[in-house]
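Under the numbering used here, the first residue of the sequence shown carries the number -17, and numbering increases by one thereafter. Where is the CB? At the ideal position from N, CA and C, for every residue including glycine. Since we're looking at a predicted model, the values are computed, not measured.
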Amino acid sequence: MIFKFGKKGKKASQGQGDDVEVELIRFQTEFDVKANEKLVRVAFEPLKELLTDGLTRRAETIRVDPKGDRATIGFLVDGIPVPAGRIPRQRAHAMTQMTKVLAGMDAAERTQPQAGAVNASLSDDEYELQVRTQPVAGGLERLTVHFRNLDERLDKPEDIGMTVEMKTTIRELNGNSQGVFLVCGPSRSGVTTTLYASVRGLDAYLRDIQTICFTEDRELINITKFEANAEDDFEETLRRCVRVEPDVILLDPVLDADVAKVLLGFQDSVAFMTEIAAADAAAGLLKWSEWIGDPSLAAESLNGAISQKLIRKLCNSCKEAYKPNPKLMQKIGLDPEEIPVLYRKARPPEEVTERGEEIEPCLPCNDTGYLGRVAVFELIEVNEEIRQLIASGADAGQLKSKARESEMMTLQKDAMRHVADGTTSLEELQRAFKS
Ligand SMILES: [Zn+2]
């Protein structure tokens, strides 16, 4: 028996006695209900309620972590861990198994890490749930569900907070139809979004941009997907694509030295834009150099590198303005004449005011003071000076200080722009840059 689920669930409102219809998440998948009858009975509704609760509270990730006879549930909201209670271990186990069935994973296999995915919707939003399980002590598994909003379009440079200047610089750096531009960052840090935004900042009407890429389901307007022959290897595919004489080729993340060396063979005829897993822009440039194995050759091939970091935005409903100390303003490079006030998270309100009125909690941000995130960027342009540094085997610190000296965009500098306009607080920068 195969069922497709899509009914509204019921959830009792607390303490009021009457049932309230609450819309629950709906999975867009089919599975064998009969073979999983017991799981469905005990875990299907609780799982839907947990995932709905997570989405309603804007969690990007939910983790169910068994410990002893209980399991702790944790949400990640705007990158911050938020505890979300504990449930009996048995129920957590059943919910984990149910999730594995839904995400097309092997429910019987519990000794190996697994990954899968299932699409789902809540209200009008569509999500991809990226599911991972990891075996832990006692034959149990830790469950991680990461939500990707499929409706969110964050592809244009301005959508993700890139300035016009930065967009122009990226366009110029890749304007010669030669060399390599690296988008750097740890995975899941928004690297792919930055890569697409960088590519979309190029003028696709004037430049021929091809992609040999697994482009997820992102829309790439005016960018041609190169049709590869199944029998060709990467190098042959690249050779055929270069023969079409595009200006720019967008590639999947470069994972090793072998691929880097293949690209080097073509970098005279086309500009490449790709991702590399590295802590930041300087580390990305150095990793490339290490992979190429010859710092001078590597330096010749590079156009630039960008990396980004997400910082939380203050909640507009409850943030408070304050007059900052002029000495502090001087220290952080802001002009107190020009920027008379900064903003911060509102102080925790007294439960009851002096006049005896209760203070309403802030609903939009759940009293956390922050709502949503914005990306800040650093961009190292490989000019003659940076090129010489890379060729001479300089370290990341030397590259960074040269970039700062040349007034290139750094994460701190870009972040300060968001402090100055009240988007975020100095406290948030301290937190974000400490880790
Ligand atoms: Zn608020």
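Status (buried if at least 16 other CB within 10 Å, exposed otherwise) for residue i
i, result
"residue 147", "exposed"
"residue 46", "buried"
"residue 388", "exposed"
"residue 93", "exposed"
"residue 306", "buried"
"residue 192", "buried"
"residue 3", "exposed"
"residue 360", "buried"
"residue 20", "exposed"
"residue 304", "exposed"
"residue 48", "buried"
"residue 416", "exposed"
"residue 257", "buried"
"residue 379", "exposed"
"residue 131", "exposed"
"residue 212", "exposed"
"residue 150", "exposed"
"residue 118", "exposed"
"residue 164", "buried"
"residue 323", "exposed"
"residue 393", "buried"
Contact check, residue i vs residue j, beta carbons under 9 Å
i, j, result
"residue 14", "residue 42", "no"
"residue 291", "residue 357", "yes"
"residue 352", "residue 142", "no"
"residue 259", "residue 228", "no"
"residue 208", "residue 241", "no"
"residue 284", "residue 267", "yes"
"residue 166", "residue 265", "yes"
"residue 220", "residue 255", "no"
"residue 115", "residue 97", "yes"
"residue 261", "residue 168", "yes"
"residue 414", "residue 397", "yes"
"residue 40", "residue 66", "no"
"residue 186", "residue 205", "yes"
"residue 99", "residue 85", "yes"
"residue 111", "residue 5", "no"
"residue 375", "residue 271", "yes"
"residue 362", "residue 263", "yes"
"residue 101", "residue 174", "no"
"residue 144", "residue 183", "yes"
"residue 83", "residue 89", "yes"
"residue 253", "residue 162", "yes"
"residue 79", "residue 17", "no"
"residue 55", "residue 68", "yes"
"residue 109", "residue 29", "no"
"residue 224", "residue 190", "no"
Option nearest residue i by Cα separation, candidates the options
i, options, result
"residue 277", "262, 251 and 368", "368"
"residue 58", "87, 294, 96 and 248", "294"
"residue 230", "155, 268 and 297", "155"
"residue 365", "355, 26 and 381", "381"
"residue 300", "347, 309, 321 and 269", "347"
"residue 7", "401, 106, 273 and 257", "106"
"residue 95", "122, 69 and 74", "122"
"residue 248", "222, 18 and 257", "222"
"residue 354", "316, 298, 257 and 392", "298"
"residue 237", "212, 161 and 273", "273"
"residue 279", "218, 370, 113 and 211", "370"
"residue 405", "50, 390, 296 and 383", "296"
"residue 349", "18, 218 and 64", "64"
"residue 395", "16, 384, 316 and 212", "316"
"residue 177", "287, 190 and 150", "287"
"residue 51", "22, 108, 320 and 120", "120"
"residue 251", "157, 269 and 188", "157"
"residue 399", "91, 320 and 159", "320"
"residue 188", "214, 159, 164 and 386", "159"
"residue 44", "27, 22, 113 and 210", "113"
"residue 275", "373, 140 and 393", "373"
"residue 302", "344, 269 and 308", "344"
"residue 181", "318, 195, 390 and 138", "138"
Exercise for the section: Assess, as a yes-or-no matter, whether the stretch 117 to 137 is touched by the stretch 31 to 50 under the definition of 3 or more beta carbon pairs within less than 8 Å. Expected result: Touching, per the Cβ criterion.
Problem - Contact between the stretch 314 to 328 and the stretch 407 to 414 (3+ Cβ pairs under 8 Å) - result: The answer is yes - the stretch 407 to 414 touches the stretch 314 to 328, with three or more Cβ pairs under 8 Å.
Practice task
Specify which residues have a beta carbon nearer than 7 Å to any heavy atom of ligand 1, listing them in chain order.
Solution key: Matched residues: 297, 299, 300, 344, 346, 347, 349, 351 and 353.
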